[in-house]
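In what follows, a single structure is set out as structure tokens and then discussed.
Protein chains in written order, with the numbering used here: chain A, -16 to 193; chain B, 341 to 560.
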């Protein structure tokens, strides 16, 4: 090897790795911060909604013997619709994507005349989202369908005689007014940033009897 | 009596079936691009990782086998594949160098799709797109493709010249102009500057193709 050729070596090595060093440096300094800013903005814009109607799904009777006594009670199951809105956001490369929503917990209490008549405590692993490996048409349909995602939450409460729905249904014409106090907690992720968000509210709602 | 094609090949300096061997080896060495095309044409149905194994790695191994046959038949180009491999490190690096100032001053990204390639290679979830793992794997596929374009050029030509280098990169430019707006920049219409930078970086690559052997001659 010629001696002066050795001087070329560092130049060559710099030539080989230079652009990629730049890529990593700019990714750290510019791309990731920009992606994270966009993510936080999108996560901030996402909203949730709890339907103001709880639907009575089923009333079940239970009985158990405690010692020599037979104890009977009834339990009612309700269904409440939860909405996760504005999940579509624009990515770093101006491409639409869905915010990833996972580890969702929903807790709520329905109060009628000062008495808690239903409580909800539900967990969802995650909402539907494209994997990114679908063909474009499928990706887009999942995207549009997922912008406002709805899921059912189940709530439970005592039935007769504590809450006599047969009687209340007549009095309130099948629509029982309640105050619904709720809290939703979820982990929301964009392209890079992730936040655990909590939404809560107190709203007037009705229980619709079957 | 020699056929006209044989006379042309002799005039170009190729002997016997040398050009055929060179063409087969070159067609197999360009396989990292086949992998990308499979990934694109199936709209990601075949992941880039899978495509890289079956449509890049297997042809690359076959390419080496064909080259060893060519070597046993006395075709000298097969002895120089290692050298071509070293030459080929420079042209794509110069190609990427041209994109650095256009990114810095004009904000034109040139590695955004490396993230997508990276998650496809690794089978990562979309939520992992903007990670260094995805970037690194995408970068490696990009580098492998750029390197293979150099290998193809040096395998095909008897002697690197600026004219043949420009001819080759014009082929690459047209390929790039035709496919990237459809499969990478989906749903967007690239501005003029995008086309210009694509052209300019390929032309710089041509200079790299021509320059690399000259630089390496200084070492011996």
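Even for Gly, the Cβ is constructed at its ideal location relative to N, Cα and C.
- Here the alpha carbons of residue 454 of chain B and residue 16 of chain A stand approximately 18 Å from one another.
- When secondary structure is reduced to three states using DSSP, residue 394 of chain B falls in the helix class.
- Beta-bridge pairing by DSSP links residue 48 of chain A to A:53.
- By the neighbour-count definition (other C-beta atoms within 10 Å, threshold 16), residue 365 of chain B is a buried residue.
- Counting only runs of 4+ residues, the alpha helix (DSSP H) found wholly inside the region 115 to 165 of chain A occupies 119 to 129, 148 to 154, in chain order.
- By the Cβ test, the region 43 to 56 of chain A is not in contact with the region 11 to 25 of chain A, since fewer than three Cβ pairs between them sit closer than 8 Å.
- Judged by beta-carbon spacing, residue 432 of chain B lies beyond the 9 Å limit of residue 389 of chain B, meaning their Cβ atoms are not closer than that value.
- Judged by their CB atoms, residue 135 of chain A and residue 58 of chain A are not nearer to each other than the 9 Å cut-off.
- At a Cβ-Cβ threshold of 9 Å, residue 39 of chain A and residue 60 of chain A count as neighbours.
- DSSP, reduced to helix, strand and coil, places residue 182 of chain A within a strand of the structure shown.
- For chain B, the residues of the region 2 to 16 of chain A that bring a beta carbon within less than 8 Å of one of its beta carbons are 2, 3, 5, 6, 7, 9, 10, 14, 15, in chain order.
- The alpha carbon of residue 123 of chain A has as its nearest neighbour, out of B:371, B:494, B:383, B:484, the alpha carbon of B:383.
- The region 409 to 429 of chain B makes contact with the region 482 to 498 of chain B: 3 or more CB pairs, one atom from each, lie closer than 8 Å.
- For residue 499 of chain B, the secondary structure class from DSSP, reduced to helix, strand or coil, is coil.
- In the displayed model, residue 357 of chain B falls within coil according to three-state DSSP, outside both helix and strand.
- Excluding its 5 nearest sequence neighbours in each direction, residue 374 of chain B has C-beta neighbours in its own chain below 6 Å: 395, listed in chain order.
- Shortest Cα-Cα distance from residue 499 of chain B to any of B:551, B:412, B:474 involves B:551.
- With fewer than 16 neighbouring CB atoms inside 10 Å of its own CB, residue 444 of chain B falls in the exposed class.
- Check the Cα spacing between residue 179 of chain A and each of A:164, A:-5, A:27, A:3: the tightest is with A:27.
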